[in-house]
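Worksheet for the structure shown next.
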Amino acid sequence: MINKESTKIKMLHLITGLNTGGAEMMLYKLLSYIDRESFEVRVISLMDIGPVGRKIQELGVPVRALGMRRSVPNPLSLLRLVRWIRQDPPHYIQTWMYHADLIGGLAAKLTGGIPVIWGIRHSKLDPRSSKRTTFWIARACALLSHWLPARIVCCSEASRRIHMDLGYAGEIMTVIPNGFDLATFKPDPEARLSVRRELGIPEETPLIGLVGRFNPQKDHHNFICAAACLNASMPDVHFMLCGEGVTRENPELVKWITAADISARCHLLGRREDIPRLTAALDIAASSSYSEGFPNVIGEAMACGVPCVVTDAGDSALIVGATGRVVPPGNPQALAEGWSELIKMGPEGRSRLGSAARHRIEKLFNLPLIVARYEKLYGDILA
Numbered sequence: 001m002i003n004k005e006s007t008k009i010k011m012l013h014l015i016t017g018l019n020t021g022g023a024e025m026m027l028y029k030l031l032s033y034i035d036r037e038s039f040e041v042r043v044i045s046l047m048d049i050g051p052v053g054r055k056i057q058e059l060g061v062p063v064r065a066l067g068m069r070r071s072v073p074n075p076l077s078l079l080r081l082v083r084w085i086r087q088d089p090p091h092y093i094q095t096w097m098y099h100a101d102l103i104g105g106l107a108a109k110l111t112g113g114i115p116v117i118w119g120i121r122h123s124k125l126d127p128r129s130s131k132r133t134t135f136w137i138a139r140a141c142a143l144l145s146h147w148l149p150a151r152i153v154c155c156s157e158a159s160r161r162i163h164m165d166l167g168y169a170g171e172i173m174t175v176i177p178n179g180f181d182l183a184t185f186k187p188d189p190e191a192r193l194s195v196r197r198e199l200g201i202p203e204e205t206p207l208i209g210l211v212g213r214f215n216p217q218k219d220h221h222n223f224i225c226a227a228a229c230l231n232a233s234m235p236d237v238h239f240m241l242c243g244e245g246v247t248r249e250n251p252e253l254v255k256w257i258t259a260a261d262i263s264a265r266c267h268l269l270g271r272r273e274d275i276p277r278l279t280a281a282l283d284i285a286a287s288s289s290y291s292e293g294f295p296n297v298i299g300e301a302m303a304c305g306v307p308c309v310v311t312d313a314g315d316s317a318l319i320v321g322a323t324g325r326v327v328p329p330g331n332p333q334a335l336a337e338g339w340s341e342l343i344k345m346g347p348e349g350r351s352r353l354g355s356a357a358r359h360r361i362e363k364l365f366n367l368p369l370i371v372a373r374y375e376k377l378y379g380d381i382l383a
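First residue of the sequence shown? That's 1 in my numbering, and the numbers climb one at a time after it.
This is the structure:
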């Protein structure tokens, strides 16, 4: 911990964008808990401020946006970033995601060699969900990683392994997983009742949920196919899906649901602000992804005392441990069988698993513990 009597350490966090996502929310949580008596923090988004940026502003943290467009790199934006940094130089810069890693690393060199901590949030790069420019930038970062950053923070062990194989400098890599706020995500019996009233389903109806934006790597099609498999033997189970693009206005998603003949059992809620309440209402939380880093939604469900059935993507299996079920990605039948096993355990069996899940989060991934690891990293670099 930094001596509180010394001058505050100035931190600049540079992130690609501030729309809702795992990296964005981890930055918000870090800034919510970091020792503000020791650290003076500010944020720059390469693109816009977005909903998470506004939440960060509510913490009293200054947030600025360069206004870059994702598909059109602009060298002038790099020069403007350099000018902003020179106006009030930080002691170090922490970057989040590939684009910010590259631009932040170059900007730091142009402003006198400010120490930079890169942030890697991906696990494997998949052409189904990653743009070609993302591949190019990741490979450029692999070459530059031996020169630009002082440290590289990976959000998962899977991310570290995969990026070392890509040629990243493994000797400066460390893993700091996402952390979870146990006061926000917690068991809530009232949520179970109120959400079922909202959805118009009976109180004892089993409810399986998937929280995540509509994105290829989240593999909603896998979830829907698994729901169809389960519905054949357990027609009373309902399914709740929420996230950006997960609505009845999504023709692709609706086509899958209609073909599976489970429209009456599926509740599509879109983007919601009450994720802790919705998560706490579930009997089982699911992750159907074929690619992940360190998925927040799994840890959030576990913190709510909800057992999880997840695909073996990224660090999902590491998070769940023995408190849920892990199945192969892209295998709807296996996902359905995992759900079926937990449903057959009954409320008491699921409650025992859920309690073990919350204890695991409290022991390994409690947010104050994770923030303390970041603070130690910052202190070590400056020392």
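Heads up, the beta-carbon is just placed ideally off N, CA and C, and yes, glycines get one too.
- Relative to the Cα of A281, the nearest Cα in the group P90, A303 and V327 belongs to A303.
- Across the set S156, L148, A286 and C266, the C-alpha of A286 shows the shortest separation from the C-alpha of G212.
- For W96, the uninterrupted beta strand (DSSP E) segment begins and ends at Y92 to W96.
- Contact check between the region 352-362 and the region 169-188: three or more CB pairs, one atom from each, fall below 8 Å, which counts as touching.
- About 6 Å separates the CB atoms of L148 and V116; that is less than 8 Å, so the two are in contact.
- Counting the other Cβ atoms within 10 Å of the Cβ of Q333 gives fewer than 16, which makes it exposed.
- By the C-beta density criterion, D315 is buried, having at least 16 other C-beta atoms within 10 angstroms.
- Setting aside the 5 residues that flank it on each side, L166 is surrounded in the same chain by A142, each with a C-beta closer than 6 Å to its C-beta; the list follows chain order.
- Per DSSP, the continuous beta strand (DSSP E) segment holding S287 begins and ends at I284 to S287.
- Counting C-beta atoms within 10 angstroms of its own C-beta, P62 has fewer than 16 neighbours from the protein chains shown and is therefore classed as exposed.
- The C-beta distance from G293 to S159 rounds to 5 Å, short enough to meet the 8 Å contact threshold.
- R358 carries a helical assignment under DSSP once its states are collapsed to helix, strand and coil.
- A straight-line Cα-Cα distance of about 11 Å links G119 and L27.
- The region 208-274 contains, as complete alpha helix (DSSP H) runs of 4+ residues, the segments 220-233 and 251-260 (chain order).
- Between the beta-carbon of T111 and that of G104 there is about 10 Å, and that puts the pair past the 8 Å contact cut.
- When C-beta atoms of the region 50-58 are compared with those of the region 244-263, fewer than three pairs fall below 8 Å, so the two segments do not count as touching.
- G270 is positioned such that its CB atom lies closer than 8 Å to that of C242.
- Secondary structure of I49 (DSSP, three-state): coil.
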